[in-house]
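*Asks:* The structure is given below, and queries will be raised subsequently.
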Amino acid sequence: MAELIIDDWDLVVRLTLREKIWGLHGDIRVRLPSVAAVAADPQPWLGLRGWRMTGIALVGRAVYGTRRHGTGYDFCILHGDRPAVRVDMAPGSGRFSRFVISVPEGVDPEAEAAKIATAAGIAPSEPAS
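Heads up: the sequence shown begins at 496 in our numbering, then just goes up one per residue.
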(Lines of atoms letter the chains of each structure in order from A and count residues from 1; the text may use other names and numbers.)
(Lines give C-alpha, C1' and ligand atoms only; values in the text may rest on other atoms or scores of the structure.)
Protein backbone atom coordinates (compact mmCIF):
# COMPACT_ATOMS: atom_id res chain seq x y z
CA MET A 1 0.00 0.00 0.00
CA ALA A 2 1.02 3.59 -0.56
CA GLU A 3 2.72 5.27 2.38
CA LEU A 4 2.95 8.88 3.49
CA ILE A 5 6.50 9.38 4.73
CA ILE A 6 8.21 12.39 6.32
CA ASP A 7 11.73 12.78 4.91
CA ASP A 8 13.51 15.86 6.29
CA TRP A 9 11.47 18.81 4.94
CA ASP A 10 9.50 16.70 2.47
CA LEU A 11 6.30 14.69 2.48
CA VAL A 12 6.74 11.66 0.24
CA VAL A 13 3.88 9.62 -1.22
CA ARG A 14 5.68 6.30 -1.70
CA LEU A 15 3.79 3.96 -4.04
CA THR A 16 4.04 0.23 -4.51
CA LEU A 17 5.04 -1.07 -7.93
CA ARG A 18 1.41 -1.98 -8.70
CA GLU A 19 0.23 1.52 -7.75
CA LYS A 20 2.93 3.08 -9.94
CA ILE A 21 1.91 0.95 -12.91
CA TRP A 22 -1.86 1.36 -12.57
CA GLY A 23 -1.69 4.98 -11.42
CA LEU A 24 0.73 5.93 -14.21
CA HIS A 25 2.82 7.91 -11.73
CA GLY A 26 5.93 7.53 -9.62
CA ASP A 27 6.52 8.51 -6.03
CA ILE A 28 5.58 12.11 -5.23
CA ARG A 29 7.65 14.47 -3.10
CA VAL A 30 6.39 17.86 -1.85
CA ARG A 31 7.85 20.33 0.62
CA LEU A 32 6.23 20.25 4.08
CA PRO A 33 5.72 24.06 4.20
CA SER A 34 3.40 23.61 1.18
CA VAL A 35 0.95 21.53 3.25
CA ALA A 36 -2.08 23.69 4.09
CA ALA A 37 -4.33 21.13 5.84
CA VAL A 38 -4.30 17.46 6.83
CA ALA A 39 -7.24 15.36 8.00
CA ALA A 40 -8.29 11.77 8.43
CA ASP A 41 -10.99 10.80 5.96
CA PRO A 42 -13.07 7.81 7.11
CA GLN A 43 -15.11 7.77 3.86
CA PRO A 44 -12.76 9.05 1.15
CA TRP A 45 -14.99 7.90 -1.74
CA LEU A 46 -17.55 10.56 -0.82
CA GLY A 47 -15.02 13.37 -1.17
CA LEU A 48 -13.48 12.48 -4.52
CA ARG A 49 -13.39 15.52 -6.79
CA GLY A 50 -13.54 15.69 -10.58
CA TRP A 51 -12.93 12.92 -13.06
CA ARG A 52 -10.14 10.45 -13.76
CA MET A 53 -7.33 11.78 -15.94
CA THR A 54 -4.72 9.02 -15.66
CA GLY A 55 -4.75 5.72 -13.84
CA ILE A 56 -7.70 3.50 -13.01
CA ALA A 57 -10.96 3.94 -11.17
CA LEU A 58 -13.06 0.93 -10.21
CA VAL A 59 -15.93 2.39 -8.19
CA GLY A 60 -15.92 1.08 -4.64
CA ARG A 61 -12.82 -1.05 -5.24
CA ALA A 62 -9.80 1.06 -6.19
CA VAL A 63 -8.69 4.45 -7.45
CA TYR A 64 -5.07 4.89 -8.52
CA GLY A 65 -3.97 8.09 -10.21
CA THR A 66 -4.72 11.68 -11.07
CA ARG A 67 -8.15 13.31 -11.00
CA ARG A 68 -8.92 16.68 -12.58
CA HIS A 69 -11.47 19.15 -11.25
CA GLY A 70 -12.33 22.81 -11.67
CA THR A 71 -9.51 24.12 -9.48
CA GLY A 72 -6.71 21.70 -10.36
CA TYR A 73 -5.59 18.12 -9.87
CA ASP A 74 -5.79 15.60 -7.03
CA PHE A 75 -3.73 12.45 -6.66
CA CYS A 76 -5.62 9.53 -5.12
CA ILE A 77 -4.76 6.00 -4.04
CA LEU A 78 -7.85 4.36 -2.55
CA HIS A 79 -8.25 0.70 -1.65
CA GLY A 80 -11.75 -0.67 -1.02
CA ASP A 81 -13.41 0.74 2.07
CA ARG A 82 -10.22 1.66 3.93
CA PRO A 83 -10.01 5.09 5.55
CA ALA A 84 -7.57 7.61 4.13
CA VAL A 85 -5.54 10.68 4.93
CA ARG A 86 -6.40 13.83 2.98
CA VAL A 87 -3.59 16.34 2.47
CA ASP A 88 -4.50 19.75 1.01
CA MET A 89 -1.70 21.79 -0.52
CA ALA A 90 -1.34 25.57 -0.52
CA PRO A 91 -2.40 27.21 -3.81
CA GLY A 92 0.43 27.44 -6.31
CA SER A 93 2.66 24.98 -4.47
CA GLY A 94 2.84 22.36 -7.19
CA ARG A 95 0.87 20.26 -9.62
CA PHE A 96 -1.51 18.70 -7.09
CA SER A 97 -3.94 20.52 -4.84
CA ARG A 98 -4.84 17.43 -2.80
CA PHE A 99 -3.65 13.92 -2.00
CA VAL A 100 -6.10 11.28 -0.76
CA ILE A 101 -4.20 8.18 0.29
CA SER A 102 -5.67 5.06 1.95
CA VAL A 103 -3.90 3.90 5.08
CA PRO A 104 -2.77 0.30 5.51
CA GLU A 105 -4.83 -2.03 7.70
CA GLY A 106 -4.14 -1.45 11.39
CA VAL A 107 -2.89 2.13 10.87
CA ASP A 108 -4.86 4.92 12.55
CA PRO A 109 -5.62 7.63 9.95
CA GLU A 110 -6.01 10.29 12.65
CA ALA A 111 -2.55 9.50 14.04
CA GLU A 112 -1.08 9.62 10.52
CA ALA A 113 -2.74 12.98 9.85
CA ALA A 114 -1.47 14.34 13.19
CA LYS A 115 2.09 13.17 12.42
CA ILE A 116 2.08 14.97 9.05
CA ALA A 117 0.48 18.11 10.50
CA THR A 118 3.08 18.27 13.28
CA ALA A 119 5.92 17.89 10.76
CA ALA A 120 4.37 20.65 8.61
CA GLY A 121 3.93 22.93 11.64
CA ILE A 122 0.13 23.11 11.37
CA ALA A 123 -2.76 21.81 13.47
CA PRO A 124 -4.53 18.71 12.12
CA SER A 125 -8.00 19.38 10.76
CA GLU A 126 -11.10 17.62 12.00
CA PRO A 127 -11.79 14.31 10.22
CA ALA A 128 -13.67 14.79 6.98
CA SER A 129 -17.37 14.01 7.16
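We put the beta carbon where it would ideally sit given N, CA and C, even for glycine. Just so you know, these numbers come straight off a predicted model, no measurement behind them.
Would you call the CB atoms of S620 and A557 closer than 8 Å?
*Replies:* No; because the gap between Cβ atoms is not below 8 Å, this pair is not in contact.
*Asks:* For H574, which beta-bridge partners are listed by DSSP?
*Replies:* For H574, which the question treats as bridged, DSSP gives the partners A557.
*Asks:* Excluding sequence positions up to five away, which residues of its chain have a Cβ less than 6 Å from the Cβ of V595?
*Replies:* Taken in chain order, the residues that qualify are P539, C571, A579, R581.
*Asks:* Just the Cα atoms here: how many angstroms apart are R563 and G518?
*Replies:* Whole-angstrom Cα-Cα distance: 14 Å.
*Asks:* For I611, does the count of other Cβ atoms within 10 angstroms reach 16, so buried, or fall short, so exposed?
*Replies:* Buried: at least 16 other Cβ atoms inside 10 Å.
*Asks:* Classify A608 as helix, strand or coil using the three-state DSSP reduction.
*Replies:* Residue state, collapsed to three classes: helix.
*Asks:* Using CA atoms only, rank isn't needed, just tell me which of R544, S529, A614 is closest to P586.
*Replies:* It is S529 whose Cα lies nearest to the Cα of P586.
*Asks:* In angstroms with no decimal places, state the Cα-to-Cα distance between A535 and L541.
*Replies:* Their backbone Cα atoms lie some 13 Å apart in a straight line.
*Asks:* From what residue to what residue does the alpha helix (DSSP H) around I516 run?
*Replies:* 512-518 is the span of the alpha helix (DSSP H), which, as asked, contains I516.
*Asks:* Can you grab the Cα-Cα spacing for the pair V598 / P537, in whole Å?
*Replies:* When rounded, the distance between both Cα atoms is 10 Å.
*Asks:* Measure the CB-CB distance between S592 and G567 and report whether it falls below 8 Å.
*Replies:* Taking 8 Å as the Cβ cut-off, S592 and G567 qualify as a contacting pair.
*Asks:* How should L553 be labelled, buried or exposed, when 16 other C-beta atoms within 10 angstroms of its C-beta is the threshold for buried?
*Replies:* With fewer than 16 other Cβ atoms within 10 Å, it is exposed.
*Asks:* If I follow the unbroken beta strand (DSSP E) through M496, where does it start and stop?
*Replies:* Per DSSP, M496 belongs to no beta strand (DSSP E) and is neither H nor E.
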